[in-house]
Amino acid sequence: MKRILTLLFVLIFGTAALSPLAAQGYIEKYLQDEKPIYTSGYRSYLDIKGTFDEFDTSSNASLHLITSHGYLHREWLYAGGGTGMIWGIGGKGYNELAVPVFGELRALFGRNRLVRPYFGFRFGVVFEVMAQSRYRNGKIENSGYLEPIIGVEFGRYHASISYVNQNILAQTPDGVTISLGFRFGR
Numbered sequence: 030m031k032r033i034l035t036l037l038f039v040l041i042f043g044t045a046a047l048s049p050l051a052a053q054g055y056i057e058k059y060l061q062d063e064k065p066i067y068t069s070g071y072r073s074y075l076d077i078k079g080t081f082d083e084f085d086t087s088s089n090a091s092l093h094l095i096t097s098h099g100y101l102h103r104e105w106l107y108a109g110g111g112t113g114m115i116w117g118i119g120g121k122g123y124n125e126l127a128v129p130v131f132g133e134l135r136a137l138f139g140r141n142r143l144v145r146p147y148f149g150f151r152f153g154v155v156f157e158v159m160a161q162s163r164y165r166n167g168k169i170e171n172s173g174y175l176e177p178i179i180g181v182e183f184g185r186y187h188a189s190i191s192y193v194n195q196n197i198l199a200q201t202p203d204g205v206t207i208s209l210g211f212r213f214g215r
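Under our numbering, the first residue of the sequence shown is numbered 30, with each subsequent residue one higher.
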């Protein structure tokens, strides 16, 4: 009996002590997850892309593995740089391996939401590492790299569509790119 009375006393006293805090909304704020999904700080992306040449019907294609590292400022502006590998596969008897080095700007819309659209822009240089082409005679070159991006982030995942303009070879596919990726960091 003494234990039951002690328990009732603690419950009544505890409720009376917490009621002013509940009236001011502190308990609701404590119970809700106030941590924002997106915050400022270091952020990196890993993308896997496929590019298809829209002008050539000889099945030119390339596979991209791209990583970008930078800083997200005020939860909406990302600035960074990155690199990766581009494997080009041509229908006219060439294979290519190239390495892009680029800077990236990305504007994210919809603050603190799980689904956020974004617009991005990558610009830089592409270095040709290996070319097996009957058109090239083993000449190694580099060229510009330009890629406007429109996409959507779903939490840590993202999907995008972009147009890659890289003119190392006439046979290198400049074209529409579909990308799937993962975000590390904040």
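Even for Gly, the Cβ is constructed at its ideal location relative to N, Cα and C.
- By the C-beta density criterion, Arg32 is exposed, having fewer than 16 other C-beta atoms within 10 angstroms.
- Taking Phe213 as the centre and dropping the five residues before and after it, the same chain places the C-beta of Ser73 closer than 6 Å to its C-beta, in chain order.
- Put simply, the backbone Cα of Asp76 is about 9 Å away from that of His187.
- Bounds of any beta strand (DSSP E) do not take in Ser69, whose DSSP letter is neither H nor E.
- Assignment of Arg151 by DSSP, reduced to helix, strand and coil, places it in the strand class.
- Under the three-state reduction of DSSP, Arg212 is assigned to strand.
- DSSP places Asn89 outside any beta strand (DSSP E), giving it a letter other than H or E.
- Classified as buried, Thr206 has 16 or more neighbouring CB atoms from the shown chains inside 10 Å of its CB.
- In the structure shown, the three-state DSSP call for Arg135 is strand.
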